[in-house]
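Residue numbers (the working numbering): 1178 to 1348.
Backbone N, C-alpha and C define an ideal beta-carbon position, used for all residues, glycine too.
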Ligand SMILES: CC(C)(COP(=O)(O)OP(=O)(O)OC[C@H]1O[C@@H](n2cnc3c(N)ncnc32)[C@H](O)[C@@H]1OP(=O)(O)O)[C@@H](O)C(=O)NCCC(=O)NCCS
């Protein structure tokens, strides 16, 4: 059974050891970068990050980093936020900052099951109400794009960088 648990002193070393395939390098930040992002968000962000380990039974098989933002002109330096604010009228959003399943565990349906759990969790508005969930997916990362599309994410039709897609799921 798939379960989400906070990354804390009991499990962070297991998360630290998770690896993507070599061919997936560049599709997401490294584990080290995600820990740094979570730390800085905790220190300086307006809302605490949701940094969650994905468990299959008692085994850590992946993790996700989810961030919450209220959109306003103050954070309009982020072009993706501007697209969501201006084109969709979003006032608050959840961002999938990171999502991965360990290389050895991929292709077994765990990504699909974890995504369903994460969306269900976000729909409970753990940090506040929001209009959408958004993420950025490398255009060549077809496996992830298909997975996100299966779960209702749609390409917003605008790109900030040529090699990336901005995807949105209305809540
Ligand atoms: C994207 C990722 C999370 C998918 O995890 P997973 O556990 O392999 O996903 P699943 O086994 O549930 O498979 C999801 C779908 O992708 C397909 N799939 C999985 N691996 C595949 C592969 N190597 N080639 C082709 N299709 C593949 C599955 O068949 C399934 O399709 P379906 O929904 O039609 O049945 C995983 O590949 C990963 O961690 N990638 C590296 C990090 C990354 O890219 N994160 C996203 C950043 S935007």
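- When the five nearest sequence neighbours on each side are left out, the beta carbons in the same chain lying within less than 6 Å of the beta carbon of residue 1342 are those of 1314, 1316, 1332, in order along the chain.
- Rounded to whole angstroms, the separation of the alpha carbons of residue 1320 and residue 1279 is 14 Å.
- In the DSSP annotation of this structure, the continuous segment of the beta strand (DSSP E) that includes residue 1228 starts and ends at 1227 to 1233.
- It is roughly 11 Å from the alpha-carbon of residue 1282 to the alpha-carbon of residue 1236.
- For residue 1307, the Cβ stays outside the 7 Å cut-off from all heavy atoms of ligand 1.
- Residue state for residue 1325 is assigned as helix, using DSSP reduced to three classes.
- Going by beta carbons, residue 1265 and residue 1200 fall outside the 8 Å limit.
- When distances are taken from the beta-carbon of residue 1234 to the heavy atoms of ligand 1, even the shortest one reaches 7 Å or more.
- In the DSSP assignment, residue 1265 falls within the unbroken alpha helix (DSSP H) covering 1256 to 1265.
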